[in-house]
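Undergrad: Before I ask anything, let me first share the structure, which is written out below as structure tokens.
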Amino acid sequence: MAKKARKAAIVVAPARAGRRPDNRRSSGIRGRQSVHRARATSGVPDSAFMNLHAFRAQRGFTLVEVLVALIIFSFGMLGAVGLVLSSLQAAKYSSNSAVAGALAREYGELMQMIPDGTSSTTSATSSSTNTLMVDTASFTSGTPGNCTGSTKNCTPSQLLTALRDDWALRVNGKGSDRPPALPQGRGEVCRDSTPRNSAGELEWGGCDEAGATVLIKMSWLAKQSVGSGGASVDRTWMTADRPQFAISVMGNLRDYVSTAPAGGTP
Numbered sequence: 050m051a052k053k054a055r056k057a058a059i060v061v062a063p064a065r066a067g068r069r070p071d072n073r074r075s076s077g078i079r080g081r082q083s084v085h086r087a088r089a090t091s092g093v094p095d096s097a098f099m100n101l102h103a104f105r106a107q108r109g110f111t112l113v114e115v116l117v118a119l120i121i122f123s124f125g126m127l128g129a130v131g132l133v134l135s136s137l138q139a140a141k142y143s144s145n146s147a148v149a150g151a152l153a154r155e156y157g158e159l160m161q162m163i164p165d166g167t168s169s170t171t172s173a174t175s176s177s178t179n180t181l182m183v184d185t186a187s188f189t190s191g192t193p194g195n196c197t198g199s200t201k202n203c204t205p206s207q208l209l210t211a212l213r214d215d216w217a218l219r220v221n222g223k224g225s226d227r228p229p230a231l232p233q234g235r236g237e238v239c240r241d242s243t244p245r246n247s248a249g250e251l252e253w254g255g256c257d258e259a260g261a262t263v264l265i266k267m268s269w270l271a272k273q274s275v276g277s278g279g280a281s282v283d284r285t286w287m288t289a290d291r292p293q294f295a296i297s298v299m300g301n302l303r304d305y306v307s308t309a310p311a312g313g314t315p
């Protein structure tokens with residue numbers, strides 16, 4: 050038995066002697082020894098070396114902070130872009146509203162300028178050639194150029210028709226070489242004692258030819274956004290369904306009603 054043990058020792062011993070030394074382990078031991086030696090000879094308190102180890106453990110934390118800051122900044126930029134887009138849409142709506150108001154006032158001044166007998170307000174259809182009551186939705190063409198130029202000699206009724214057609218075509222942009230004043234604009238001029246429906250909303254049509262006030266209803270396409278996949282979102286209901294606003298034509302209403310306004314003389 051003793052001989053076998055000595056042989057095993059002889060066989061195993063070369064294998065142990067022939068193993069490659071673990072450099073990583075030895076370097077770690079040497080590193081710790083150098084740290085302990087530095088702590089012993091430098092006179093620096095142990096807390097400083099502990100902070101050094103903590104600093105080494107926190108390496109890469111600054112990169113995480115930078116990434117978090119970039120994410121927060123990206124969300125902030127998205128919010129800023131959304132705010133700018135909303136501001137642009139609001140500015141566009143305000144611009145269209147100002148244009149529609151100017152067109153309505155222009156037509157109101159035209160109605161007050163035309164004397165009684167030249168224009169008729171008993172019909173709200175646009176087929177009559179001597180009426181100022183009009184719905185621009187029924188206008189696809191007109192004759193606004195028949196009374197322009199120094200060589201034209203128009204009667205008062207022809208001039209009235211030309212002015213009416215010019216206004217209607219500027220509102221809806223149909224049959225004209227000029228761009229429309231309003232995007233998909235529409236205007237309706239009539240006498241309507243009940244311009245709102247049962248829900249309290251303005252409505253097209255329904256002109257009952259009653260009352261002492263002439264209303265000018267205006268509308269346009271308020272917004273055209275883009276949906277998923279780049280497809281346009283249909284928002285024509287904002288024009289076709291109901292007007293954006295309605296104003297009454299003030300001034301001398303005697304020429305447009307069969308009875309005098311309250312407190313007035315026919």
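In my numbering, the protein residues as written are 50 to 315.
Ideal Cβ placement from N, Cα and C applies to all residues, glycine included.
As the structure is a computational prediction, the values presented were derived from the model and not from experiment.
In this structure, does DSSP put LEU270 in helix, strand or coil?
TA: Coil at LEU270, not helix or strand.
Undergrad: Report the residue from LYS141, LEU212, ALA186, ALA139 whose alpha carbon sits nearest the alpha carbon of GLU155.
TA: When each option's Cα is compared against that of GLU155, the closest is LEU212.
Undergrad: Please report the residue range of the alpha helix (DSSP H) in which ARG219 lies.
TA: Run containing ARG219: 205-221, per the alpha helix (DSSP H) assignment.
Undergrad: Is VAL298 helix, strand or coil by DSSP?
TA: Coil at VAL298, not helix or strand.
Undergrad: What does the alpha-carbon distance come out to for the pair GLN207 and SER146?
TA: When rounded, the distance between both Cα atoms is 31 angstroms.
Undergrad: When DSSP labels each residue in this structure, what does GLY236 get in the three-state scheme?
TA: Note: GLY236 maps to strand in three-state DSSP.
Undergrad: Is it the case that the segment 230-250 contacts the segment 111-123, given that we only count it when at least three CB pairs across the two stretches are under 8 angstroms?
TA: As far as the Cβ criterion goes, the segment 111-123 does not touch the segment 230-250, which means the pair count is below three.
Undergrad: May I ask you to report which of helix, strand or coil DSSP gives LEU132?
TA: Three-state result, LEU132: helix.
Undergrad: Measure the alpha-carbon distance for PRO244 versus LEU251 and round it to whole angstroms.
TA: If you take the alpha carbons of PRO244 and LEU251, they lie about 6 angstroms apart.
Undergrad: Between the C-alpha atoms of GLY157 and SER123, what's the straight-line distance to the nearest angstrom?
TA: If you take the alpha carbons of GLY157 and SER123, they lie about 51 angstroms apart.
Undergrad: Could you have a look at LEU40 and say whether DSSP puts it in helix, strand or coil?
TA: Residue 40 is absent from the structure shown; the chain starts at 50 and stops at 315.
Undergrad: Contact check, ALA271 vs LEU152 under 8 angstroms by CB: the rounded distance?
TA: Going by Cβ atoms, the distance from ALA271 to LEU152 rounds to 16 angstroms, so no, they are not a contact pair.
Undergrad: Is the beta carbon of THR365 sitting closer than 8 angstroms to the one on ALA217?
TA: No information on residue 365 is available, as it lies outside the stretch 50 to 315 that the chain covers here.
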